[in-house]
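Just so you know, this note's numbering puts 166 at position 78 of the sequence shown, and the rest follows in order with no gaps.
Idealized CB from N, CA, C, for every residue including glycine.
Here the structure is laid out as structure tokens; the discussion comes afterwards.
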Amino acid sequence: MRVWQVTTREELERCFAIRMAVFVDEQHVEAANEIDALDFAPPTRHVLAEVGGHDAGTARLLIDEAGHVHVGRVAVHSWARGTGVGRALMNAMHELALDVAGDDVRVELSAQESAMGFYASLGYGVVNRERYLDEGIWHQDMVLTLRRAEAQ
């Protein structure tokens with residue numbers, strides 16, 4: 089498995105293809121809502137994972153003007169689930185968060201309820217029990233505080 093930060097438009101298009109397959113084709117999110125202006129904002133970072141030479145997953149890191157860090161658009165092809173791709177993507181997100189936001193950073197995410205156990209296994213905690221619909225999928229906000237020594 090190989091995970092790296094996207095640096096070219098071609099790699100970004102590969103990320104988008106994974107997201108379209110997972111979110112639009114599988115989860116029926118509106119295609120028009122999947123790719124947004126934040127994907128192209130200068131502080132945004134994307135990572136891409138390959139397994140056996142095949143694109144397997146992607147994730148996006150957003151940093152706002154106040155330095156808040158948000159992980160989102162975490163998508164793993166169905167054939168690659170359960171293989172460690174998701175964990176590898178999140179580890180890459182954590183390293184990027186520390187690199188861009190400092191040695192002590194609060195990482196936020198909007199977790200699909202079906203993925204909350206996965207995020208909890210990485211140390212994320214639920215912000216509050218308030219659930220909400222996003223693109224017809226139930227979500228809850230989760231958070232993790234990272235310190236340089238704790239990054240995996």
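- Message: Under 8 Å: does the beta carbon of Asn-121 sit that close to some heavy atom of the ligand NAP?
- Response: This structure lacks the ligand NAP, and indeed carries no ligand of any kind.
- Assuming Arg-219 contacts Trp-226 (C-beta within less than 8 Å), just tell me the rounded distance between them. For Arg-219 against Trp-226, the beta-carbon gap comes to about 5 Å, under 8 Å, which counts as contact.
- Message: Three Cβ pairs or more, each shorter than 8 Å: is that satisfied between the region 133-144 and the region 175-189?
- Response: At 8 Å Cβ cutoff, the stretches touch.
- Take Gln-93 as the anchor and find which of Asp-187, Leu-197, Glu-114, Glu-122 has the nearest alpha-carbon. Residue Asp-187 holds the alpha-carbon nearest to the alpha-carbon of Gln-93 among Asp-187, Leu-197, Glu-114, Glu-122.
- Message: Less than 9 Å between the beta carbons of Leu-197 and Tyr-207, yes or no?
- Response: The answer is yes: Cβ separation under 9 Å.
- Query: Buried or exposed: Ala-168, going by 16 or more other Cβ atoms within 10 Å of its Cβ?
  - Reply: Around the beta-carbon of Ala-168, 16 or more other beta-carbon atoms lie within 10 Å, marking it buried.
- Could you tell me which residues DSSP pairs with Ile-225 in its beta bridges? Looking at the DSSP assignment, Ile-225 forms a beta bridge with Asp-222.
- Whose C-alpha, out of Arg-161, Asp-152, Gly-160, Asp-192, is nearest the C-alpha of Pro-80? Past the edges of the chain, shown from 89 to 240, lies residue 80, and the structure says nothing about it.
- Task: Could you name the residues of the same chain whose beta carbon sits closer than 8 Å to that of Gly-140, not counting the 5 residues immediately before and after it, in chain order?
- Result: Result list for Gly-140: empty, nothing under 8 Å.
- Message: If I follow the unbroken alpha helix (DSSP H) through Ser-198, where does it start and stop?
- Response: That residue, Ser-198, is in no alpha helix (DSSP H); its beta strand (DSSP E) goes 192-200.
- Query: Nearest to Val-214 by alpha carbon, out of Glu-201, Glu-223, Gly-145?
  - Reply: When Glu-201, Glu-223, Gly-145 are compared, the shortest CA-CA separation from Val-214 is found for Glu-201.
- How big is the Cα-Cα spacing for Ala-69 and Arg-97? Nothing about residue 69 can be read from this structure; the chain reaches only from 89 to 240.
- Task: Indicate the three-state DSSP secondary structure (helix, strand or coil) for Ala-239 in the structure shown.
- Result: Its pLDDT being 47, under 50, Ala-239 is placed unreliably in this model, and the coordinates cannot settle the point.
- Exposure label - Gly-170; buried when at least 16 CB within 10 Å: When all chains shown are included, Gly-170 counts as exposed.
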